[in-house]
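**Student:** Submitted below is the structure of interest, expressed as structure tokens.
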Amino acid sequence: MGKRQIRIYRSKLADHLPDLLQQQTVQVVLRTRVVVQGELQHVSAEELELLDGRRNKHTIPVADVEEVIYDIEAPY
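Numbers 21 to 96, taken from my numbering, label the letters of the sequence shown in order.
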């Protein structure tokens with residue numbers, strides 16, 4: 021089964037908040053090009069709260085986010 025990457029840029033983040041909370045795993049690319057991967061715990065217009073694979077909590081200001089990436093299964 022194939023996968024598709026969905027990329028949400030900072031300017032469109034507010035439009036996709038409900039979709040992001042439904043994803044198991046997301047990758048948050050920061051403006052410094054650092055990538056943080058994990059499960060979103062809380063999303064607001066000002067910040068994202070992410071729980072990584074080691075169960076560490078990261079609070080990331082939206083102003084520091086370049087894009088958020090998540091995978092969906094392709095129909096083929």
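Note that CB positions come from ideal geometry on N, CA and C, so glycine has one too.
Name the DSSP bridge partner or partners of residue 85?
**Tutor:** BP columns for residue 85 point to 50.
**Student:** Per DSSP, which one or two residues make a beta bridge with residue 43?
**Tutor:** BP columns for residue 43 are empty, so no partner.
**Student:** If you follow the beta strand (DSSP E) that residue 24 is in, where does it begin and where does it stop?
**Tutor:** 23-29 is the extent of the beta strand (DSSP E) around residue 24.
**Student:** What does DSSP give as the partner residues of residue 60 in its beta bridges?
**Tutor:** According to DSSP, which records beta bridges pairwise, residue 60 is partnered with 70.
**Student:** Using only CA atoms, which one of 93, 87, 94, 91 lies nearest to residue 53?
**Tutor:** Nearest C-alpha to residue 53: 87.
**Student:** Please work out which residues of its chain come closer than 6 Å, Cβ to Cβ, to residue 68, disregarding the five sequence neighbours upstream and downstream, and give them in chain order.
**Tutor:** Excluding sequence neighbours, residue 68 sits near 80.
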